[in-house]
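Beneath this line is the structure, given in C-alpha cells, with notes to follow.
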DNA sequence: ACGGAAGCGATACAGTCGTATCGGAATAAG
DNA sequence: CTTATTCCGATACGACTGTATCGCTTCCGT
C-alpha cells in the first residue's frame, strides 16, 4: 500500500484555518483557496480531506463546538472543591466568550449560527453543542439548588435562560452595543438573581 | 431637467428584496443580480440607487431595524391603557420575533449581526437599533417600577438583560435548539421574575 | 419644439468561487 | 527492484460575483 497520511490531524488543522478566516473576514471570506493557504496545504489536499465545502464547514463547526464545551468542562473540573454556584459562574463566563482572546471564537460561532439558520445540515452540530451546554447548565443548577433550600422549579428553564442570555450578550459585545465589561456585569447580575431564586448564598468571594 | 424618479421608494423596495433573499438563502445568497430580479428592476437600477453593495446592505439593515422598532412602538401605543408591565411584555414578544410570520425578519437580523461582527460600517446602524430598543425597555421598566413599590436598582441592566435574552432566544429558535413555544415560556418566566424584583404584580390576565 | 440631462437596461470585464481532472511523485507490498 | 496504489499539487472549467461602460429612450426646462 502506498503513502499513508493522518487525515484526522489534517482535518483539524484545516478547521483551525477556517476559524481564523471566519474570524478575520467574516463568513463570506472563507474560500477553499484561502483556507488551503492558511492551513499551509494545497487546495487539492483540502479537497481530499473534505469532498465539498459544506462538509468542511460542518467539520469546522463541530470542532469549535467541541473546543468550547471542552474548555467549559475543564474550567469546572479545575476547581471541584468550589460550590456548584461558583462553577456555574465560571461556566457562563466561559460560554459567553467575553474575553478578548476568545473574541475570534465568538465571531466564528455567530457566523455559523447565521448560516445554520438557513442550512439545516449546519444546524445539527450546533444543536448538539447547545444541547450539551444546556445539559451541563441544568446539572450545575440542580446541584446548586440541592445544596440550598428550595427545589429547582424549572432548572431547564433557568438553563435555557442562561444560555440565551450569554449568547445574546456575546453578540451584543461583538456588535459594540455593550462593552465586554458591561456584559459581564449584566451576566453577573442575572446570576445573583438566580442564586436568590434558588435560595443559595452564591459565591461569596469573587475571583 | 429630465426624468425624475422616486429613489426613496425604490430603495425601500430593493431593501425588501434584500430581506427576502437573506431570509431564503442566508447572508451569502444576497447578490446584486438576485436582488434586482426579486425587486423586479434591472441590475442597473439597483446600481443607480446604491453606489455599492455595502451601501445597499447598509440601507437594508437600517430598513429592517426601523421596521422592527416601529412595530414595537406601535404595539405599545396600541394599548396605552394597560400597565407598563403589560406593555413591556408585549414589547419583548415583538422584539423576540418568535412568531412564525416574523421568522424571516429574525433570520435577516441574524445575518446582518453576523456580518456586522466583522464589518464596522454595518455595525453602526445595528447599534442604533439596539440603542433605541434598549432605551425603550429602560423607559418601560422605569415606569413599571415607579407604579410599584421599590426603586429601579438598575433599569439599564435589566433592559440589557432582556434585550440579550430575546436576541439569544431568537437565535436558538432559528437553530432549532428550542421551539418558539419553549422560548416564549422562558421569556415569560424571566419577565415574571422581573415583576417580582420590581415589586409589581405584573399583568394578571394573559392575552 | 428642441436640446440636453437623467434614467434606462444590456452588455463587458476582470476576478473569484467551488469543483473536476490529470500526470507525476512517493511508498508499501510482492 | 518492480508494481500497484495512494497522495500530491497544478491546472482547467464553468458559473457567478461586483462593478464599469455604453448606446438609447424619456422627459423637463427653456
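Chains as they are written, first to last, in the UniProt record's numbering: chain R, 1 to 207; chain P, 1 to 207. Note that beta-carbon positions come from the ideal geometry of N, C-alpha and C, so glycine has one too.
For residue 2 of chain R, no CB of chain P lies under 8 Å from its own CB, so it is not counted at the interface with that chain. The residue among R:67, R:163, R:112 and R:30 with its C-alpha nearest the C-alpha of residue 135 of chain R is R:163.
Minimum Cα-Cα distance from residue 173 of chain R among the listed residues P:96, P:172 and P:167 corresponds to P:167. Cβ atoms of residue 54 of chain P and residue 129 of chain P stay farther apart than 8 Å, at about 18 Å. Under the three-state reduction of DSSP output, residue 190 of chain R falls in the helix class. For residue 191 of chain R and residue 200 of chain P, the gap between their C-alpha atoms comes out near 21 Å. Contact check for residue 116 of chain R against residue 108 of chain P fails: the beta carbons are separated by 8 Å or more. Setting aside the 5 residues that flank it on each side, residue 160 of chain P is surrounded in the same chain by 134, each with a C-beta closer than 7 Å to its C-beta; the list follows chain order.
Listed by position along chain R, the residues whose Cβ is nearer than 8 Å to that of residue 28 of chain P are 27, 28 and 115. Taking a cut-off of 8 Å for Cβ pairs, the stretch 12-30 of chain P and the stretch 182-196 of chain R do not touch, as fewer than three such pairs fall below it. Of all residues in the stretch 170-188 of chain P, those with a C-beta nearer than 9 Å to a C-beta of chain R are 170, 171, 172, 174, 175, 176, 177, 178, 182, 183, 185, 186 and 187, reading in chain order. Under the 8 Å Cβ criterion, the stretch 29-36 of chain P counts as touching the stretch 45-63 of chain P, having at least three qualifying pairs.
Per DSSP, residue 40 of chain P is not a residue of any alpha helix (DSSP H), being assigned neither H nor E.
Within chain P, the C-beta atoms nearer than 9 Å to that of residue 119 of chain R come from 26, in chain order. The criterion of a C-beta distance shorter than 8 Å is not satisfied by residue 96 of chain P and residue 179 of chain P.
Contact of residue 111 of chain R with chain P by beta-carbon distance below 7 Å involves 114.
Inclusion of residue 98 of chain P and residue 113 of chain P in the CB contact set at 8 Å is not warranted, their separation being larger than that value. Taking a Cβ-Cβ cut-off of 9 Å, the neighbours of residue 131 of chain P in chain R comprise 177, given in sequence order. Residues of the UniProt domain "HTH tetR-type" (8-68) of chain P with a Cβ closer than 9 Å to any Cβ of chain R, in chain order: 22, 23, 24, 25, 26, 27, 28 and 29. Interface with chain P (8 Å Cβ-Cβ cutoff): residue 193 of chain R is included. At a C-beta separation below 7 Å, residue 139 of chain P has no neighbours in chain R, since its nearest C-beta there lies roughly 17 Å away. Residue ranges of uninterrupted alpha helix (DSSP H) with 4 or more members, entirely inside the UniProt domain "HTH tetR-type" (8-68) of chain P and ordered along the chain, are 32-39 and 43-49. Annotation for residue 76 of chain R: 87, 90 and 91 place their beta carbon closer than 7 Å to its own, counting only its chain and skipping 5 residues before and after.
Exposed is the label assigned to residue 6 of chain R, since fewer than 16 other Cβ atoms lie within 10 Å of its Cβ. In the displayed model, residue 95 of chain R falls within a helix according to three-state DSSP.
Closest in C-alpha terms to residue 39 of chain R, from the list R:104, R:60 and R:13, comes R:13. In the three-state reduction of the DSSP assignment, residue 6 of chain P falls in the coil class, being assigned neither a helical nor a strand state. Residue 144 of chain P places its beta carbon less than 8 Å from that of residue 84 of chain P.
At a cut-off of 8 Å, the C-beta of residue 167 of chain R has a neighbouring C-beta in chain P.
For residue 101 of chain R and residue 10 of chain P, the gap between their C-alpha atoms comes out near 43 Å. Residue 167 of chain P sits in a helix when the DSSP states are folded into three classes. Residue-level contact check: residue 123 of chain P touches chain R, since one or more beta carbons of chain R fall below 8 Å from its beta carbon.
For the 8 Å CB-CB criterion, residue 132 of chain R and residue 69 of chain R form a contact. Neighbours of residue 126 of chain P in chain R, taken as residues whose beta carbon is under 7 Å from its own, are 175 in chain order. Residue nearest to residue 58 of chain P within the set P:111, P:142 and P:94 is P:111 (criterion: CA-CA distance).
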